[in-house]
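Novice:
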């Protein structure tokens, strides 16, 4: 039977002759109904409180779990961020170190190349100075050789002029024609014998004058040609071969020694 007020306070009991007073029974039943309702309310209140407490506990557990999860997530995120920062810093340091090493190597290579180029420029400048000095010395030597050559040419021209004028002096005058007369028998022999030494002497004189200047002219001409060939850079063998083919010199090797000594000095 349900324990509610309507069931407790029901009034359809059978009425006996010798029973309890209905008013007392009704009052007692009303009291019982009040107690039952109070118990039911208390039970419902406890149930509500238990449900609220259970819900609160569940919510608290959920909140704690959420907070724990959030803390774990935050800690994991912080650890991951710290790891990322460490990796980034390490990569940046490695990149910077590599860049510094490459820059240092490049600077070293540039410095080495610059030093090499400066050495080459210095060597080229030294060679250029040497070449300029050699050219200056060569020019001075050429000037001296040209002066010597001019002197030799003047001597050669003087010798050639003396050679052309010398034969005219001893040349005998042509005989004057005379009228034909009968010669005496001894006269032709005397005339034939006397002019002969004069002519021979004239020939000897003219021959002596011509031979010596001609030999000197050959020597000076050979000297001039040898000097020109030496200044042009031709070897001594080539000059010697040319002089042997074109000149009859008494001492060709001595002439070559003098010419090449003057050029090389």
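Numbering (the numbering used here), first residue to last: -15 to 249. Just so you know, even glycine gets a beta-carbon here, dropped at the ideal spot from N, CA and C.
Count the other C-beta atoms from every protein chain shown that fall within 10 angstroms of the C-beta of residue 243, then say buried if there are 16 or more, exposed otherwise.
Specialist: Classification for residue 243: buried.
Novice: Given 8 Å as the limit, is there contact between the region 204 to 213 and the region 229 to 245, that is, 3 or more CB pairs closer than that?
Specialist: Taking 8 Å as the limit for Cβ pairs, the verdict is that the region 229 to 245 does touch the region 204 to 213.
Novice: Determine the burial state of residue 129: buried for a count of at least 16 other Cβ atoms within 10 Å of its Cβ, exposed for fewer.
Specialist: The residue in question, residue 129, is buried, as its Cβ has 16 or more Cβ neighbours within 10 Å.
Novice: How should residue 88 be labelled, buried or exposed, when 16 other C-beta atoms within 10 angstroms of its C-beta is the threshold for buried?
Specialist: Exposed, since its Cβ has fewer than 16 Cβ neighbours within 10 Å.
Novice: Taking the alpha helix (DSSP H) that residue 240 belongs to, which residues open and close that run?
Specialist: From DSSP, the alpha helix (DSSP H) with residue 240 extends over 236 to 248.
Novice: Kindly indicate the opening and closing residues of the alpha helix (DSSP H) around residue 216.
Specialist: Premise fails: residue 216 is in no alpha helix (DSSP H) and is neither H nor E.
Novice: Report yes or no: is there a C-beta of chain D within less than 8 Å of the C-beta of residue 221?
Specialist: Note that chain D does not occur in the displayed structure, where there is just one protein chain.
Novice: Which whole-angstrom value is the C-beta distance of residue 239 and residue 202, which I expect to be below 8 Å?
Specialist: Between residue 202 and residue 239 the Cβ distance is about 11 Å, and since that is not below 8 Å, they are no contact.
Novice: Relative to the C-alpha of residue 235, which residue among 207, 78, 218 is closest?
Specialist: Of the candidates 207, 78, 218, the one whose C-alpha sits nearest the C-alpha of residue 235 is 207.
Novice: Counting C-beta neighbours from all protein chains within 10 Å, is the total for residue 121 16 or more, i.e. buried, or is it exposed?
Specialist: Exposed, by the Cβ-count rule.
Novice: Alpha carbon to alpha carbon, what distance is there between residue 100 and residue 221?
Specialist: About 43 Å.
Novice: Between the C-alpha atoms of residue 247 and residue 136, what's the straight-line distance to the nearest angstrom?
Specialist: For residue 247 and residue 136, the distance between alpha carbons rounds to 15 Å.
Novice: Hey, how far is the Cα of residue 24 from the Cα of residue 53?
Specialist: Looking at the two C-alpha atoms, the distance is approximately 42 Å.
Novice: Around the C-beta of residue 227, are 16 or more other C-beta atoms found within 10 angstroms, so that it is buried, or is it exposed?
Specialist: Residue 227 is buried by the Cβ-count criterion.
Novice: Taking only the alpha-carbon atoms, compute the straight-line gap between residue 28 and residue 68 and give it to the nearest angstrom.
Specialist: Using only the alpha carbons, I get a separation of about 57 Å.
Novice: Using three-state DSSP, classify residue 75 as helix, strand or coil.
Specialist: The answer is helix: DSSP assigns residue 75 an H, G or I state.
Novice: Using the C-alpha atoms, what's the distance from residue 20 back to residue 34?
Specialist: Computed Cα separation, rounded: 20 Å.
Novice: Return the CA-CA distance between residue 83 and residue 66, expressed in angstroms with no decimal places.
Specialist: Computed Cα separation, rounded: 25 Å.
Novice: Can you tell me whether residue 31 is buried or exposed? The criterion is at least 16 other CB atoms within 10 Å of its CB, across all chains shown.
Specialist: Under this definition residue 31 is an exposed residue.
Novice: Report buried or exposed for residue 79, applying the criterion of at least 16 other Cβ atoms within 10 angstroms of its Cβ.
Specialist: Its Cβ having fewer than 16 others within 10 Å, residue 79 is exposed.
Novice: My assumption, with CB atoms under 8 Å, is that residue 139 sits in contact with residue 204. Please give the rounded CB distance.
Specialist: Confirmed, Cβ separation roughly 7 Å.
Novice: With DSSP as the reference, label residue 179 as helix, strand or coil.
Specialist: For residue 179, the predicted structure reports a pLDDT of 41, less than 50, and the residue's modelled location is therefore unreliable. The matter cannot be settled from this model.
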